[in-house]
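Participant: First, the structure itself, so that you have it in front of you.
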Amino acid sequence: MLLNALFSHIVKKGSLRLQIGKGSFSQYGDGSGPAIHVHVKNHRTALAIGLNPYLKLGEAYMNGALTIENATVFDFLSLLTRNLGAGDDSDPLLQKIQRGWRQSIRFAAQYNPARRAKRNVAHHYDLSNTLYRLFLDRGLNYSCAYFESPDDDLETAQNQKLRHIAAKLALKPGMRVLDIGCGWGSMALWLAHHCDVQVTGITLSTQQAQLAKDRVEQAGLSDRVSIHLQDYRAIEPAFDRIVSIGMFEHVGLPFYGAFFQKIHNLLTPDGVALIHHIARSQGPGATNPWMTKYIFPGGYSPALSEVLPHIERSGLMLTDLEILRHHYAETLRHWRQRFSKNRHKVATLLDERFCRMWEFYLAGSELSFRDGGHVVAQWQLCQNPHSLPYTRPYMETFEKDIPL
Numbered sequence: 001m002l003l004n005a006l007f008s009h010i011v012k013k014g015s016l017r018l019q020i021g022k023g024s025f026s027q028y029g030d031g032s033g034p035a036i037h038v039h040v041k042n043h044r045t046a047l048a049i050g051l052n053p054y055l056k057l058g059e060a061y062m063n064g065a066l067t068i069e070n071a072t073v074f075d076f077l078s079l080l081t082r083n084l085g086a087g088d089d090s091d092p093l094l095q096k097i098q099r100g101w102r103q104s105i106r107f108a109a110q111y112n113p114a115r116r117a118k119r120n121v122a123h124h125y126d127l128s129n130t131l132y133r134l135f136l137d138r139g140l141n142y143s144c145a146y147f148e149s150p151d152d153d154l155e156t157a158q159n160q161k162l163r164h165i166a167a168k169l170a171l172k173p174g175m176r177v178l179d180i181g182c183g184w185g186s187m188a189l190w191l192a193h194h195c196d197v198q199v200t201g202i203t204l205s206t207q208q209a210q211l212a213k214d215r216v217e218q219a220g221l222s223d224r225v226s227i228h229l230q231d232y233r234a235i236e237p238a239f240d241r242i243v244s245i246g247m248f249e250h251v252g253l254p255f256y257g258a259f260f261q262k263i264h265n266l267l268t269p270d271g272v273a274l275i276h277h278i279a280r281s282q283g284p285g286a287t288n289p290w291m292t293k294y295i296f297p298g299g300y301s302p303a304l305s306e307v308l309p310h311i312e313r314s315g316l317m318l319t320d321l322e323i324l325r326h327h328y329a330e331t332l333r334h335w336r337q338r339f340s341k342n343r344h345k346v347a348t349l350l351d352e353r354f355c356r357m358w359e360f361y362l363a364g365s366e367l368s369f370r371d372g373g374h375v376v377a378q379w380q381l382c383q384n385p386h387s388l389p390y391t392r393p394y395m396e397t398f399e400k401d402i403p404l
């Protein structure tokens, strides 16, 4: 009855058919479009989903207790998210209470001191470099791409992202650059190759660090790029530029102040920083509990209103803020399609349960940007208001001068 009430409350448009065990089908929605047939293994699973859908729906799918008979998990989740929209007002009362509880414990859930931060990173990023090669671009960019045209392929869009970020750094040859959360080294390699700068990349992922070092050596850039397995809190000054792409989501609310104070302390007086991260456009919230448990423990995509006060108190000046809408949805679409194409290889590398978990993750993440109000923010920060040009054409000039 709880699951029936949940779907009746949510699904107003479209068509959903639900079967529990060997029972009869229940129909939800206005009947428009093809009906998506969902089968739940038994009433125990249905009750669990009804009581805690934001956790148990994903668990039921990854464990094979919920199957979509005539569509994909993306189609099913898309039906739900289109009906729910970007806000939380469509949630039933029980889910609103659960969401309120999650928000009340955010600081504890996101308390990420150095040791816990490393453990959280290992949970996701140390799974297997082979896995990530199966769905990322050749440069192994695991963050939002930049689509200058809807026809751009993933390789082009990721390179455009690197160039777009570099343009905002206003680099000069010989500058010292810190890349916080450098991943597999794509940004560091790009900056060293195209801008003739000295780059220090840091990551907490053992597998990322090793592969990044190998890539630096293979590129013949060991004299310009160094990769370290190190927490940002342990880095010593000073740097002319700091860049961080897709790492801030792992900092944790209790450490925002310390993070931006560290950026301030690491920069030279004329230094510039560029922070690129996922943000939520509907105000503060809480991380989906399934995502916290299985994908990104300790992770959170903040509202802009949760970030700016810490920037202001750190002594840094916000000189440019850009919001990228739907670029990550398109990035995730490419990842989801590539993952699907190589699904048999992932199943051999890991297992079938992991494949279903990752399908749910990629589909849900894409839809959070299409229908759930998620965006990407790029903050340009400095200490000296005169260290950058007063207008933006310098960014455009840089991007025109460096063909891909």
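Numbering (UniProt numbering), first residue to last: 1 to 404. Glycine residues also receive a C-beta, built at the ideal position from the N, C-alpha and C atoms.
1. On the three-pair Cβ rule with 8 angstroms, is the segment 220-237 touching the segment 275-290?
2. Just to confirm my understanding: we take Ala46, look at its own chain, exclude 5 residues before and 5 after, and list those with CB closer than 6 angstroms. What are they?
3. Beta-carbon separation of Pro385 and Met317 under 9 angstroms?
4. When the Cα atoms are used, what is the spatial distance from Cys195 to Glu396?
5. Between Asp137, Met247 and Arg370, which lies nearest to Arg338 when the distance is taken from Cα to Cα?
6. Using DSSP bridges, identify the partner residues of Leu324.
7. Let me confirm a value: Phe74 is counted as buried when at least 16 other C-beta atoms fall within 10 Å, else exposed. Which label applies?
8. Just curious, the alpha helix (DSSP H) that Asp75 is in, first and last residue?
9. Give me whichever residues DSSP pairs with Val177 in a beta bridge.
10. CB-CB under 6 angstroms to residue 446, same chain, minus the five flanking residues each way: which ones, in chain order?
11. Answer with buried or exposed for Gly298, where buried requires no fewer than 16 other C-beta atoms within 10 angstroms of its C-beta.
12. CB-CB under 7 angstroms to Glu148, same chain, minus the five flanking residues each way: which ones, in chain order?
13. Assuming Val216 and Ser387 make a contact with CB atoms under 8 angstroms, what is their CB distance in whole Å?
14. CB-CB under 7 angstroms to Phe25, same chain, minus the five flanking residues each way: which ones, in chain order?
15. From Lys293, Thr156, Leu169 and Phe135, pick the residue whose C-alpha is nearest to that of Ser244; which is it?
16. Put Ile36 into one of helix, strand or coil per three-state DSSP.
17. Please work out which residues of its chain come closer than 6 angstroms, Cβ to Cβ, to Phe354, disregarding the five sequence neighbours upstream and downstream, and give them in chain order.
18. Are the beta-carbon atoms of Ile275 and Ala377 separated by less than 9 angstroms?
19. Quick one: what's got a C-beta closer than 7 angstroms to Phe135's C-beta in the same chain, skipping five residues either side?
20. Take the Cβ of Leu253 as the centre, count every other Cβ of all protein chains shown within 10 Å, and call the residue buried at 16 or more, exposed below.
21. Residues in the same chain with beta-carbon distance under 6 angstroms from Ala86, minus the five sequence neighbours each way, listed in chain order, please.
22. Under DSSP, the alpha helix (DSSP H) around residue 417 begins and ends at which residues?
23. Select from Thr206, Leu381 and Ala35 the residue whose C-alpha is nearest the C-alpha of Leu127.
24. Let's see if you can read the secondary structure: which residues bound the beta strand (DSSP E) around Ala279?
25. Of the choices Gly31, Ser368 and Thr130, whose alpha-carbon is the least far from that of Arg325?
26. Can you name the start and end residues of the beta strand (DSSP E) that Leu66 belongs to?
27. May I have a chain-ordered list of the beta strand (DSSP E) segments no shorter than 3 residues that lie completely inside the segment 283-334?
28. Whole angstroms is fine: what's the gap from Leu229's alpha carbon to Glu69's?
29. What's the C-alpha gap between Gly23 and Asp351?
30. Would you check if the distance between the CB atom of Gly185 and the CB atom of Leu211 is smaller than 9 angstroms?
31. Return the CA-CA distance between Leu321 and Ala329, expressed in angstroms with no decimal places.
32. Look at the alpha carbon of Arg115 and the alpha carbon of Gly31, and state the distance between them as a whole number of angstroms.
33. Give the straight-line distance between the Cα atoms of Ile235 and Ser305, rounded to the nearest whole angstrom.
34. Could you give the first and the last residue of the continuous alpha helix (DSSP H) run that contains Ile10?
Facilitator: So, from the listed chains and residues:
1. no
2. Within the sequence shown, the letter at position 46 stands for residue 46. These residues qualify, in order along the chain: Leu3, Ile20 and Val40.
3. Mapped onto the sequence shown, residue 385 falls at position 385. Mapped onto the sequence shown, residue 317 falls at position 317. Taking 9 angstroms as the Cβ cut-off, Pro385 and Met317 qualify as a contacting pair.
4. Within the sequence shown, numbered from 1, the residue matching residue 195 stands at position 195. Within the sequence shown, numbered from 1, the residue matching residue 396 stands at position 396. Answer to the nearest angstrom: the Cα atoms are 16 angstroms apart.
5. Reading the sequence shown from its first residue, position 338 is the one you call residue 338. It is Asp137.
6. For the purposes of this step, residue 324 is taken as residue 324 along the sequence shown, with counting starting at 1. DSSP, once it has assigned bridges, lists Val376 as partnering Leu324.
7. Stepping through the sequence shown from its first residue, residue 74 is reached at position 74. Burial call: buried.
8. In the sequence shown, counting from the first residue as 1, residue 75 sits at position 75. Val73 to Leu84 is the span of the alpha helix (DSSP H), which, as asked, contains Asp75.
9. Sequence index remark: in the sequence shown, residue 177 carries index 177 (1-based). Paired residue(s): Val199 and Arg241.
10. As displayed, the chain neither begins before 1 nor continues past 404, which places residue 446 out of reach and without an answer.
11. Taking the sequence shown and counting its residues from 1, the one referred to as residue 298 is at position 298. Result: buried.
12. Along the sequence shown, read from residue 1 onward, the residue named residue 148 stands at position 148. Only Gln160 meet the Cβ criterion.
13. Residue mapping note: residue 216 aligns to position 216 of the sequence shown, counting from 1. Residue mapping note: residue 387 aligns to position 387 of the sequence shown, counting from 1. With a Cβ gap of about 29 angstroms, Val216 and Ser387 do not count as contacting.
14. Counting from 1 along the sequence shown, the entry for residue 25 is found at position 25. Answer for Phe25: Arg17, Leu18 and Gln19, listed in chain order.
15. The sequence position of residue 244 within the sequence shown is 244, counting from 1. Residue Leu169 is the option with its Cα nearest to Ser244.
16. Stepping through the sequence shown from its first residue, residue 36 is reached at position 36. Three-state result, Ile36: strand.
17. By 1-based counting over the sequence shown, the position of residue 354 is 354. Excluding sequence neighbours, Phe354 sits near nothing in its chain.
18. As a position in the sequence shown, residue 275 is number 275, starting the count at 1. As a position in the sequence shown, residue 377 is number 377, starting the count at 1. Yes; because the gap between Cβ atoms is below 9 angstroms, this pair is in contact.
19. Position 135 of the sequence shown, counted from the first residue, corresponds to residue 135. Contacts found: Trp335, Arg338, Phe339 and Asn342.
20. Stepping through the sequence shown from its first residue, residue 253 is reached at position 253. The residue is buried, with at least 16 neighbouring Cβ atoms inside 10 Å.
21. The sequence position of residue 86 within the sequence shown is 86, counting from 1. For Ala86, the pLDDT reaches just 49, beneath the cut-off of 50, and the residue's location in the model is therefore unreliable, leaving the point undetermined.
22. Beyond the ends of the chain as shown, which are 1 and 404, falls residue 417; an answer cannot be given.
23. Taking the sequence shown and counting its residues from 1, one reaches residue 127 at position 127. Of the listed residues, the one whose Cα sits closest to Leu127 is Thr206.
24. Looking up residue 279 in the sequence shown gives position 279. Looking at the DSSP string, the run of the beta strand (DSSP E) that includes Ala279 is Leu267 to Arg280.
25. Taking the first residue of the sequence shown as position 1, residue 325 is located at position 325. The candidate whose alpha carbon is nearest that of Arg325 is Ser368.
26. As a working note, residue 66 is residue 66 in the sequence shown. Leu66 to Ile68 is the extent of the beta strand (DSSP E) around Leu66.
27. 317-324
28. Looking up residue 229 in the sequence shown gives position 229. Looking up residue 69 in the sequence shown gives position 69. Whole-angstrom Cα-Cα distance: 45 angstroms.
29. Within the sequence shown, numbered from 1, the residue matching residue 23 stands at position 23. Within the sequence shown, numbered from 1, the residue matching residue 351 stands at position 351. Looking at the two C-alpha atoms, the distance is approximately 30 angstroms.
30. By one-based count along the sequence shown, residue 185 stands at place 185. By one-based count along the sequence shown, residue 211 stands at place 211. Against a cut-off of 9 angstroms, the Cβ pair of Leu211 and Gly185 comes out as a contact.
31. Position 321 of the sequence shown holds residue 321. Position 329 of the sequence shown holds residue 329. Their Cα atoms are separated by approximately 20 angstroms.
32. Position 115 of the sequence shown, counted from the first residue, corresponds to residue 115. Position 31 of the sequence shown, counted from the first residue, corresponds to residue 31. Answer to the nearest angstrom: the Cα atoms are 51 angstroms apart.
33. By one-based count along the sequence shown, residue 235 stands at place 235. By one-based count along the sequence shown, residue 305 stands at place 305. Approximately 27 angstroms, taken between the alpha carbons.
34. On the sequence shown, position 10 is the one that residue 10 refers to. Taken as a continuous stretch (DSSP letters only), the alpha helix (DSSP H) holding Ile10 covers Leu2 to Ile10.
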